[in-house]
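Below you'll find the structure, written out as C-alpha cells, and then a few comments.
2 protein chains.
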Amino acid sequence: MINKDGLTHHISAQFNAELEEIRSHLLAMGGLVEKQVNDAVSALVTADSGLAAQVRSVDGQINQMERDIDEECVRILARRQPAASDLRLIISISKSVIDLERIGDEATKIAKRAIELCESGEAPKGYVEIRHIGEQVRKMVQEALDAFARYDADLALSVAQYDKQVDREYKSALRELVTYMMEDPRSISRVLSVIWALRSLERIGDHARNIAELVIYLVRGTDVRHTGLAKQGQPKADDSQA
Amino acid sequence: MINKDGLTHHISAQFNAELEEIRSHLLAMGGLVEKQVNDAVSALVTADSGLAAQVRSVDGQINQMERDIDEECVRILARRQPAASDLRLIISISKSVIDLERIGDEATKIAKRAIELCESGEAPKGYVEIRHIGEQVRKMVQEALDAFARYDADLALSVAQYDKQVDREYKSALRELVTYMMEDPRSISRVLSVIWALRSLERIGDHARNIAELVIYLVRGTDVRHTGLAKQGQPKADDSQA
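The listed protein sequences derive, respectively, from chains U and E. Residue numbering for the first sequence follows the numbering used here, beginning at -14 and increasing consecutively. Residue numbering for the second sequence follows the numbering used here, beginning at -14 and increasing consecutively.
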C-alpha cells in the first residue's frame, strides 16, 4: 500500500486494505476538521450565530471519529504487529488524531466566541486579523493533511516552518488589540473575546505543525519535534506566545 | 510485571524489565514536570525571576525525555509486539508523554509571564487565584501520576472529575480580572500576563485529566474520553473556557 521510495511493500492484500482504510479515515476526519476551522472563522467575522451553532453541533462527530480511528490503530497493532514504516504509519495516525481532535476543540471555542460576540452586538476591532490568521492556519491544516496523503516530507517541512510566521502575526495582532483596550476600556470584554479566538487560531497552527512533524517522521523515520526542524532546514518556530 | 487483577502476567523476565523501565521513565518525567509546575507558580507569585529562568532552562530536558520514552515505545512495539494490557500500557505511556510534555510547555510559559511581571514591577491582582489554582492543578498532575504508578482507576476518575472544579474557579478568576482591568485600564498589560498564566494552569488541568483518562483506559480497557466519564460516575468536565 505504501508505495513511496524507502517505505515497506508487503504482501498481504488484506493488511494493505486495512492500512489504506485507516489512512482514509484520518483524511476524512481531517477534511471535516478543516471545514470546522473555516466555518468557525466565517461565523465569527460575519456574525453568523447559526453557522456557529452548527460548528458546535459537529464537534461530537469529530470526537467519535477520533475514538474510532484510535480503536482501529489498537486493533491493527494487536493483530498485525506492524513493523518499520507500517508501524510508523500507525503511530503517526494515532498521534495525528489527537491533534485533529484538539483543532476541532479550538474551532468549537471560536464558535462560542462568535456566539458571544453576536449577542454583545457591535463588532470590535480585530476581525481583519482573525480573517487573515484564520485563513493561514486553515491552509496549514489543509497542507499538513495533503502532505500526509502524499507522503510529502518537503510540504510537511514548509508547513512546520510556516508556524513561525503565524506566531509572529498573532503576537502583532495581540499587541494592537491590547493597545485598543487601553484606549477604550469599555471594549475590554468584547476585545477579549476576539483575543481568545486569535489564541485558538494560534493553537490550531501549533497542532497543524505537530501533524506536519509526524508526516516527516513517517516519511523519513526521524523525529523532528522540539529541536529537529533546524537540522531539516530552518530553526523551528518558537513555542512562545503573546 | 503488571500485577494487578485483570492485567496480563507474562513470562519473559526481560520483557517485564523493559516494561518496568519505561514505566519508571514516564514517572520520572512526570515528577520533573510536576516540579516545573510548582516552580513556575512559585516564581510568579514570589516574583523570583531566577527561579523562572531555571524553569525555562529545564524545558529542553523534558523534551528530550519525551523523545527518549517515545523511542522506547516504538522499540517495544516493533520487537515485542505486545498484546492486551501490555499494548494498552505502551499506548497509554506514548500518549501520556505528549500531555506531560505540553504541561512542561505551559509551565515554561508561566515562567515567561513571571519574568515579564518581575520586569514590569508592581504586583497586580490575581496572585491569590494563581497560587490557589496552581496548587490544584499541581495536585491533579501528581495524583494522575500516582494513579498511573498504582494502576488506580478510582483515583484517576476523581482526578478527571476534579478538572470541572478547576474550570469553574478559572472562569470565576477570569471574570474578576476582567472587571479589574475595566476599573483600572493602566493595569491591562500586567493583568493580561496574569490571565495568560491562569490560562496555562487551566490547560495543565486539562492535560492532567487526559493522563487520568489514559489510566482508566489502561486499567479498565475502556476509552472514557469525550463522553465516557458520565458512564463511570459523573458527567465529564466541560471543555469550554473563560
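Ideal Cβ positions, reconstructed from N, Cα and C, are used throughout, including at glycine. Bear in mind the structure is a predicted one, so any value in this text is a computation, not a measurement.
*Do residue 148/E and the ligand GTP come close, with the Cβ less than 7 Å from some heavy atom?*
By its list of ligands, the structure shown contains no ligand whatsoever, and the ligand GTP lies outside what it can speak to.
*What residues in its chain sit with their C-beta under 6 Å from that of residue 196/U, if we drop five residues either side in the sequence?*
Taking the first residue of the first sequence as position 1, residue 196/U is located at position 211. Taken in chain order, the residues that qualify are 81, 84, 129.
*Measuring only between beta-carbons, confirm whether residue 68/E sits less than 8 Å from chain U.*
Residue numbering aside, residue 68/E sits at position 83 when the second sequence is read from its first letter. Chain U contact via Cβ: present.
*For the alpha helix (DSSP H) that residue 139/E lies in, which residues bound it at each end?*
To locate residue 139/E, count along the second sequence from 1; it is residue 154. It spans 138 to 168 - the alpha helix (DSSP H) in which residue 139/E sits, taken as one unbroken run.
*asked:* Is the beta carbon of residue 78/E closer than 8 Å to that of residue 100/E?
replied: Indexing the second sequence from 1 puts residue 100/E at position 115. Indexing the second sequence from 1 puts residue 78/E at position 93. Not in contact: residue 100/E and residue 78/E (Cβ atoms no closer than 8 Å).
_Please report the distance separating the alpha-carbon of residue 106/E from that of residue 205/E._
Stepping through the second sequence from its first residue, residue 106/E is reached at position 121. Stepping through the second sequence from its first residue, residue 205/E is reached at position 220. Distance between the alpha carbons of residue 106/E and residue 205/E is about 51 Å.
*Positions along the segment 147 to 167 of chain E whose CB lies within less than 7 Å of some CB in chain U*: 163, 166, 167
*Does DSSP put residue 210/E in a helix, a strand or coil?*
Taking the second sequence and counting its residues from 1, one reaches residue 210/E at position 225. DSSP places residue 210/E in coil when its eight states are reduced to three.
*Looking at the structure shown, is residue 93/U part of a helix, part of a strand, or coil, going by DSSP?*
The residue you call residue 93/U lines up with position 108 of the first sequence. Three-state DSSP puts residue 93/U in a helix.
*Taking 8 Å as the CB-CB cut-off, is residue 179/U touching chain E?*
The sequence position of residue 179/U within the first sequence is 194, counting from 1. Not one chain E Cβ lies under 8 Å of residue 179/U.
_Within the continuous alpha helix (DSSP H) that includes residue 111/U, where are the two ends?_
Within the first sequence, residue 111/U is the residue found at index 126, counting from 1. Here residue 111/U belongs to no alpha helix (DSSP H), and DSSP marks it neither H nor E.
*For residue 71/U, does the three-state DSSP call read helix, strand or coil?*
If you number the first sequence from 1, residue 71/U lands on position 86. Helix, per DSSP.
*Could you check how far apart the C-beta atoms of residue 30/E and residue 116/E are, in whole angstroms? I think they sit under 8 Å.*
Locating residue 30/E in the second sequence gives position 45, counting from the first residue. Locating residue 116/E in the second sequence gives position 131, counting from the first residue. Yes, residue 30/E and residue 116/E are in contact; Cβ-Cβ is about 5 Å, under 8 Å.
*Take the Cβ of residue 42/E as the centre, count every other Cβ of all protein chains shown within 10 Å, and call the residue buried at 16 or more, exposed below.*
Position 57 of the second sequence holds residue 42/E. So residue 42/E counts as exposed.
*List, in order along the chain, the chain E residues whose C-beta lies closer than 7 Å to that of residue 203/U?*
What you label residue 203/U is simply residue 218 of the first sequence in a count that begins at 1. Simply none; closest approach about 12 Å.
*Along chain E, in chain order, which residues have C-beta atoms closer than 9 Å to that of residue 24/U?*
Numbered from 1 along the first sequence, position 39 holds the residue referred to as residue 24/U. Result: empty, since nearest Cβ-Cβ is about 18 Å, beyond 9 Å.
*Starting from the C-beta of residue 7/U, find all residues in its chain whose C-beta is less than 8 Å away, skip the five residues before and the five after it, and write them out in chain order.*
To locate residue 7/U, count along the first sequence from 1; it is residue 22. 54, 57, 58, 61, 75, 78.
*Cβ-based burial, residue 225/U [other Cβ within 10 Å; buried from 16]*: The residue you call residue 225/U lines up with position 240 of the first sequence. Reliability of the predicted coordinates at residue 225/U is poor, the pLDDT of 41 falling under 50, and the value obtained from them is presented with this limitation in mind. Exposed.
*Taking only beta-carbon atoms, is residue 55/U less than 8 Å away from chain E?*
Counting from 1 along the first sequence, the entry for residue 55/U is found at position 70. Answer yes: the Cβ-Cβ gap between residue 55/U and chain E drops below 8 Å somewhere.
*Do you know how far the Cα of residue 66/E is from the Cα of residue -3/E?*
Position 12 of the second sequence, counted from the first residue, corresponds to residue -3/E. Position 81 of the second sequence, counted from the first residue, corresponds to residue 66/E. The alpha-carbon atoms of residue -3/E and residue 66/E are separated by roughly 13 Å.
_Touching by the beta-carbon criterion (3+ pairs, under 8 Å), the segment 168 to 186 of chain E and the segment 160 to 172 of chain U_ = yes
*Which word fits residue 113/E, buried or exposed, when buried means at least 16 other C-beta atoms lie within 10 angstroms of its C-beta?*
If you number the second sequence from 1, residue 113/E lands on position 128. It counts as exposed.
*Check the Cβ-Cβ distances between residue 38/E and every residue of chain U, and say whether any is below 8 Å.*
For the purposes of this step, residue 38/E is taken as residue 53 along the second sequence, with counting starting at 1. Not an interface residue.
*How would you write the range of the alpha helix (DSSP H) that residue 190/E sits in, first residue to last?*
In the second sequence, the residue the question calls residue 190/E occupies position 205. Unbroken alpha helix (DSSP H) run through residue 190/E: 173 to 205.
*Where do the N-terminal and C-terminal ends of the alpha helix (DSSP H) with residue 27/U fall, by residue?*
Along the first sequence, read from residue 1 onward, the residue named residue 27/U stands at position 42. Unbroken alpha helix (DSSP H) run through residue 27/U: -2 to 30.
*Looking at the structure shown, is residue 33/E part of a helix, part of a strand, or coil, going by DSSP?*
The sequence position of residue 33/E within the second sequence is 48, counting from 1. Three-state result, residue 33/E: coil.
*asked:* Please report the straight-line C-alpha distance between residue 46/E and residue -1/U, rounded to a whole angstrom.
replied: For the purposes of this step, residue 46/E is identified with residue 61 of the second sequence, where counting begins at 1. For the purposes of this step, residue -1/U is identified with residue 14 of the first sequence, where counting begins at 1. Taking the straight line joining both Cα atoms gives about 42 Å.
*asked:* Checking 8 Å against the spacing of the C-beta atoms, do residue 17/U and residue 27/U come in under that value?
replied: For this step, residue 17/U is matched to residue 32 along the first sequence. For this step, residue 27/U is matched to residue 42 along the first sequence. Cβ distance not < 8 Å, so residue 17/U and residue 27/U don't count as in contact.
*Specify the secondary structure class of residue 105/E as computed by DSSP and reduced to three states.*
Position 120 of the second sequence, counted from the start, is the residue given in the question as residue 105/E. Looking at residue 105/E - three-state DSSP - the assignment turns out to be coil, as it is neither helix nor strand.
*Buried versus exposed, by CB contacts within 10 Å (16 or more), residue 185/U*: Counting from one through the first sequence, the residue named residue 185/U turns up at place 200. Residue 185/U is buried by the Cβ-count criterion.
*asked:* So for residue 66/U, helix, strand or coil by DSSP?
replied: Translated into the one-based positions of the first sequence, residue 66/U becomes position 81. It is coil, neither helix nor strand.
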